Amino acid sequence: MSAGHDHGADSSRGRLAVAFGITCAILLAEAVGAWLTGSLALLVDAGHMLTDAGGLLLALLAATLMARPAQGRRTWGYQRAEVLAAGAQATILLAVGVYALVEGALRLASPGPEMPAGELLLFGVVGLVGNIVSMAVLSGGGKNLNMRAALAEVMADALGSLAVIASAAVVHFTGWVQADAVAGMIIALLILPRAVGIIREAGDVLLETAPVGLDLEAVREHILAREHVRAVHDLHASRITTGLTVLTAHVVLDEECFRDGHSAEMLLDLQRCVAEHFPVSVEHSTFQLEPVGHAELEPHAHA
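Yeah, the sequence shown ends on 401 if you go by the working numbering, and it's all consecutive.
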């Protein structure tokens with residue numbers, strides 16, 4: 099593992115730790131605010147903050163695990179810990195979002211008593227300021243799925259705090275207490291799309307789906323266009339984790355490549371091709387170079 103990679107991992111862990119501390123402080127403030135005001139928006143946002151605190155803790159643990167080297171049977175180390183952590187965070191967010199929609203609808207149908215708009219505004223501002231600081235900390239921490247999931251949660255929190263502030267203003271100027279329920283439902287609508295998107299992406303990684311932007315048919319055609327290439331089969335591409343795409347393929351070469359030693363040059367050419375030619379760079383590629391007729395000796399079907 100390079101020093102640069104270690105430095106990046108340390109930076110991610112440090113940023114996540116700072117964001118985790120800020121989130122816990124906001125959670126405590128909003129929980130107290132929800133208890134004092136009876137606000138659904140604050141209650142839902144506090145619940146969201148609780149899941150965020152747990153999610154950031156998972157992300158922090160995942161970042162720590164990802165820094166551990168590969169060994170034994172774990173040939174990729176703990177690289178996919180970030181995907182598991184992001185999927186867990188998003189699943190919890192999805193549950194919170196559904197709860198907020200249901201509870202908001204119930205409160206719209208049966209409005210509660212008046213709530214102190216001033217206190218509601220105060221806790222909304224505290225939450226917004228804390229979330230802005232967390233966003234600033236996390237935004238410079240890289241673009242892996244783990245960090246993106248954490249940043250998405252904090253961004254949703256910031257928008258949720260804005261909804262709390264807006265509901266406080268409506269309650270203060272109009273006395274319409276249902277504004278609080280509407281704010282809670284808005285927070286839910288901010289949560290759900292992000293949660294679904296992250297769950298889908300985490301699922302794609304775990305199912306070893308080819309990365310978006312890497313067209314395997316285009317890869318096949320490009321390899322076939324190389325001189326001395328007769329056929330390509332068993333072409334697969336997937337992601338181990340964000341930013342680490344792997345590709346494997348069996349490439350059938352002319353017989354002369356194996357007689358004159360040209361196969362080593364062909365291997366280097368193929369690796370450079372997939373690393374530099376496509377929008378998604380494939381830095382980890384494995385090619386099995388075969389003579390004509392070798393595929394017929396293999397026991398499985400080819401594609």
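All residues carry an ideal CB built from backbone N, CA and C; glycine is no exception.
Just so it is clear, the structure is predicted and the values come from calculations on it, not from any experiment.
Within 8 Å, strictly: CB atoms of residue i and residue j
i, j, result
"Ala281", "Val262", "yes"
"Val269", "Leu206", "no"
"Leu368", "Ser361", "no"
"Val159", "Phe118", "Before going on, a small fix: residue 159 reads as Leu here, not Val. The answer is no: Cβ separation not under 8 Å."
"Val196", "Ala127", "no"
"Pro167", "Gln276", "no"
"Ile338", "Trp174", "yes"
C-alpha distance - residue i paired with residue j, whole-angstrom precision
i, j, result
"Leu220", "Met283", "20 Å"
"His103", "Thr340", "For His103, the pLDDT reaches just 44, beneath the cut-off of 50, and the residue's location in the model is therefore unreliable, although a value from the coordinates is still provided. So the alpha carbons of these two residues sit roughly 14 Å apart."
"Asp183", "Leu156", "A quick correction: the sequence has Ala, not Asp, at residue 183. The straight-line gap from Cα to Cα measures roughly 6 Å."
"Asp143", "Glu315", "46 Å"
"Phe376", "Gly311", "8 Å"
"Phe356", "Pro389", "8 Å"
"Leu236", "Arg324", "43 Å"
"Glu180", "Glu354", "45 Å"
"Thr272", "Ser265", "10 Å"
"Val303", "Tyr176", "14 Å"
"Ala198", "Leu191", "11 Å"
"Ala250", "Leu365", "41 Å"
8 Å contact criterion, which residue i and residue j should meet: CB distance rounded
i, j, result
"Ala188", "Ile296", "4 Å"
"Val317", "Val372", "7 Å"
"Met147", "Ile120", "Met147 to Ile120, Cβ: 10 Å. No contact."
"Leu305", "Leu260", "About 36 Å separates the two Cβ atoms, so there is no contact after all."
"Leu114", "Ala248", "6 Å"
"Ser137", "Asp278", "5 Å"
"Ala132", "Leu140", "4 Å"
"Ala308", "Ala335", "5 Å"
For residue i, the residue or residues it bridges with in DSSP
i, result
"Phe385", "Ala347"
"Gln169", "Arg172"
"Val327", "Leu351"
"Arg337", "Thr343"
Neighbour flag for residue i against chain C, beta carbons, 8 Å
i, result
"Arg172", "Any reference to chain C falls outside this structure, which holds one protein chain only."
Are the segment 285-298 and the segment 213-222 touching, with three or more C-beta to C-beta distances below 8 Å? no
Counting beta carbon pairs with one atom in the segment 373-393 and one in the segment 345-354, are three or more of them shorter than 8 Å? yes
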